[in-house]
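A short write-up of the structure that comes next.
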Ligand SMILES: Cc1cc2nc3c(=O)[nH]c(=O)nc-3n(C[C@H](O)[C@H](O)[C@H](O)COP(=O)(O)OP(=O)(O)OC[C@H]3O[C@@H](n4cnc5c(N)ncnc54)[C@H](O)[C@@H]3O)c2cc1C
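Protein chains in written order, with full-length UniProt numbering: chain Z, 1 to 422; chain P, 1 to 364.
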């Protein structure tokens, strides 16, 4: 039955998260925007320590929402499976608070998602249990290189097996690694590093490896200064003869042998994206909603109310803009929760995951830019957060596949084309 | 619990309508547009799918299910996926029947609803839209004035489907600032059905303008009699149904564009292999899905009994924008061939623009 009712348990959890968003995150927003490389420890600790109580980490029924590391082998979940759906709501709400801070939340994030999507049960145990307790830890995923962004198959970082076959040696440079500093250096986290085991073979040689935090040979070369989401650390990582155990290649051991012959490794990355693209969409929508809510409040105080059922010829341009902002965000949100629902009930969502990402990336970009415009001079002023939301929101149309790359994914799926054909 | 899956019953109806739309309507669509009519047999067949009567009480020959705005929107999509003109023609009696079902007095129900349970499509319709760019459903120019035991109606309505020969028309009019509906029967003095209208699209749909000149009806002709009707609710139900129709038209346009792009070649490639075409297709799909989900959510709110004007308006606007862009892109993807009436997308572009006036009118 088509239904849009959220489960009551999730509703309660969201009320708590809304308090965190409004009372913990918002007051810290500006500070971490201005002090770009400060770490928001208060927020990080609150989230990590309070996890169990607040229910966003390690609680039966909801899984480890933010760490992306629970669900399997954990407590038995009763009732319908809503893990991914719950994650979308959580991420949306935290991004409504502050997108940069949300990205700084300790947990497995993209790195764990990759292990979860393509790792063996043993690897999940070895790499993911750390996110359940102790000190805060981070997971990161390093795919992008200076010469290879969208064109991931063009990565040059190499992984070579040692002669005794016991270790891999990684060499190369990765850029734009979200939480790279925290995962690689400041906590015993994990960095999932994409490298080629057969240079020159493109996708066929690509494999993912887990490099644990503080492994010798992995260093943080630089922290980027960014347009927005400044609270989030974005690091360049260098790998110089970085040795990791043989078993750290994600997936079945055969992958190591199938040298240059198939693209299962690459398929693993794509599988990760099916799970994470809707999260980016959810985050985008949270930022968009922050801007929209603020704008509506602001306009209301100026005496502007939105007359939804007035005939088109009497609507003002501002009313039309606001209605479009609402509709664009809502449409993106519905596409997003549909992609999550598909994951929860176990049906393939590659098409829908990319679709929601395209829509949300574009919606947040337009909505936040429009918000700055509608607020007039005040919109541009750093006394308000609206200008920041515009800068924060834009990232969602760029990372995890730009709007163009996700359009390609959608089109290929619709047409039944391979990457050679389109 | 959030879910995007229709019920089994809904799915069964969807499959039935889809088969009808695919196998029969799509073949008849072009000729019907050229000849200004579908065959009566096809209209009757559409009627007999029984889409309209799920909510009709069993005593009147229906299934007696609760009225569901979600079902209405979904079925409307499937019908319009076949053809919008046919969809509107098939649904016309529901524009009369549903308001009577929702707000009619017992006497009105007993008199009119049995007609909806019959195998033959009843000659019932509604007159809602008025000319003029400032048409406002909440402040109509057509007026109804009470005089003793009668109402006197004056005004002009347009786009009244199946008006000619209609046994009764539900006419919406402004009564002291509020919109109310009145059942005007055939032969009422002062009721005039004009020549058939000639429109850019929907050419197979017989629509008329209807003039009311001092049209006198008994007070019992007012929908709901003393209680009247809730125009806001009727408008919202109509909005999501129209939005569903829009999604259906957009979906068939996308399907034609996709198929064509896969087989048309230029510069030694299939045109779908050019990103400018492929991206259009991706965006079309994204917008069709968005419009559908917006529509469903609005309809779901109505079914829950929530005040959902905002959702319904946003959903309808969304569908309206979507159907226009998607139909336009479909013609673009077909190139010059898209401009030729022989090819399906040409007609879709004309039909798509109808939603602009359906949006203003909201009530078909
Ligand atoms: C703040 C931030 C955090 C990030 N976090 C991570 C992370 O944690 N891990 C990670 O691995 N990466 C991360 N990235 C990298 C991000 O995923 C890439 O920047 C993104 O994929 C685009 O790659 P690029 O910057 O090299 O752009 P390019 O690939 O050079 O693209 C430039 C332009 O060309 C377009 N383009 C490229 N190829 C095509 C094509 N085939 N068809 C049509 N258009 C095309 C693009 O859409 C874009 O508009 C992050 C980036 C930022 C800014």
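Ideal Cβ placement from N, Cα and C applies to all residues, glycine included.
Open item on the list: Looking at chain Z, is there any beta carbon in it that lies within less than 8 Å of the beta carbon of residue 172 (chain P)?
Closed with: no
Task: Contact with chain P by residue 341 (chain Z), beta-carbon distance below 8 Å - done: yes
Open item on the list: Which complete alpha helix (DSSP H) runs does the region 126–212 of chain Z hold, if anything under 4 residues is left out?
Closed with: 180–184
TODO: State the DSSP-derived secondary structure class of residue 38 (chain P), mapped to helix, strand or coil.
DONE: coil
Task: chain P contacts from the UniProt domain "Acyl-CoA oxidase/dehydrogenase middle" (140–242) of chain Z (Cβ-Cβ distance under 8 Å) - done: none
Open item on the list: By the 9 Å beta-carbon criterion, what residues does the region 5–16 of chain P contribute toward chain Z?
Closed with: 5, 6, 7 and 10
Task: residue 280 (chain P): CB within 7 Å of a non-hydrogen atom of ligand 1 - done: no
Task: Endpoints, the beta strand (DSSP E) within which residue 1 (chain Z) is located - done: Counting along the chain, residue 1 (chain Z) falls outside any beta strand (DSSP E), and DSSP gives it neither H nor E.
Open item on the list: Taking a contact to mean a Cβ-Cβ separation below 8 Å, would you say residue 219 (chain P) touches residue 183 (chain P) in this structure?
Closed with: no
- [ ] Taking C-beta pairs closer than 7 Å, name the residues in chain Z that residue 262 (chain P) reaches, listed in chain order.
- [x] 415
Open item on the list: Using a 10 Å radius around the Cβ and a threshold of 16 neighbouring Cβ atoms, would you call residue 129 (chain Z) buried or exposed?
Closed with: exposed
TODO: Compile a chain-ordered list of the residues in the region 288–316 of chain P whose CB is closer than 7 Å to at least one CB of chain Z.
DONE: 289, 290, 293, 294, 296, 297, 300, 309, 310, 313 and 314
TODO: Assess, as a yes-or-no matter, whether the region 133–152 of chain P is touched by the region 305–317 of chain Z under the definition of 3 or more beta carbon pairs within less than 8 Å.
DONE: yes
TODO: Kindly indicate which three-state DSSP category residue 308 (chain Z) falls into: helix, strand or coil?
DONE: coil
Open item on the list: Among P:302, P:223, P:40 and P:235, whose alpha-carbon lies nearest the alpha-carbon of residue 120 (chain P)?
Closed with: P:40
- [ ] Scan the region 358–378 of chain Z for residues whose Cβ lies nearer than 7 Å to a Cβ of chain P and list them as they occur along the chain.
- [x] 358 and 359
Open item on the list: Can you confirm whether residue 325 (chain Z), when its beta carbon is compared against all beta carbons of chain P, has any partner nearer than 8 Å?
Closed with: no
Task: Sequence-distant residues of the same chain with beta carbon closer than 6 Å to residue 72 (chain P), five excluded per side - done: 241
Task: residue 4 (chain P), buried or exposed, once every other Cβ within 10 Å from all chains shown has been counted against 16 - done: buried
Open item on the list: Would you say residue 300 (chain Z) lies against chain P (beta-carbon separation less than 8 Å)?
Closed with: no
TODO: Find the nearest neighbour of residue 364 (chain Z) within the set Z:292, Z:420, Z:126 and Z:98, judged by alpha-carbon distance.
DONE: Z:292
- [ ] Would you be able to state if there are at least three C-beta pairs under 8 Å between the region 292–308 of chain P and the region 343–360 of chain P?
- [x] no
- [ ] Identify whether residue 248 (chain Z) lies in helix, strand or coil by the three-state DSSP scheme.
- [x] helix
Task: Enclosing alpha helix (DSSP H) for residue 183 (chain P) [first to last residue] - done: First-last for residue 183 (chain P): 178–185, but that is the beta strand (DSSP E), not the alpha helix (DSSP H).
TODO: Following the continuous beta strand (DSSP E) through residue 153 (chain P), name the residue where it begins and the one where it ends.
DONE: 150–161
TODO: State yes or no: is the C-beta of residue 132 (chain P) nearer than 7 Å to some heavy atom of ligand 1?
DONE: no
Open item on the list: Below 8 Å on the Cβ atoms is my contact criterion, and I expect residue 125 (chain P) with residue 166 (chain P) to pass it. Report the Cβ-Cβ distance as a whole number of Å.
Closed with: 5 Å
Task: Straight-line Cα distance separating residue 2 (chain P) from residue 6 (chain Z) - done: 6 Å
- [ ] Output the residue ranges of the alpha helix (DSSP H) runs that lie fully inside the region 375–421 of chain Z and measure 4 residues or longer, sorted by chain position.
- [x] 386–394 and 403–415
Task: Alpha carbon of residue 96 (chain P) to alpha carbon of residue 320 (chain P), nearest angstrom - done: 24 Å
- [ ] Could you please tell me which residues of the region 303–333 of chain Z, in chain order, have their CB closer than 7 Å to any CB of chain P?
- [x] 308, 309, 311, 312, 313, 323, 326, 327, 330 and 331
TODO: Consider the Cβ of residue 278 (chain P): report whether some Cβ of chain Z lies at a distance smaller than 8 Å.
DONE: yes
Open item on the list: Taking 8 Å as the threshold (C-beta atoms), are residue 189 (chain Z) and residue 213 (chain Z) in contact?
Closed with: yes
Task: DSSP-derived helix/strand/coil call for residue 134 (chain P) - done: coil
Task: Collapsed DSSP secondary structure at residue 241 (chain Z) in the structure displayed - done: strand
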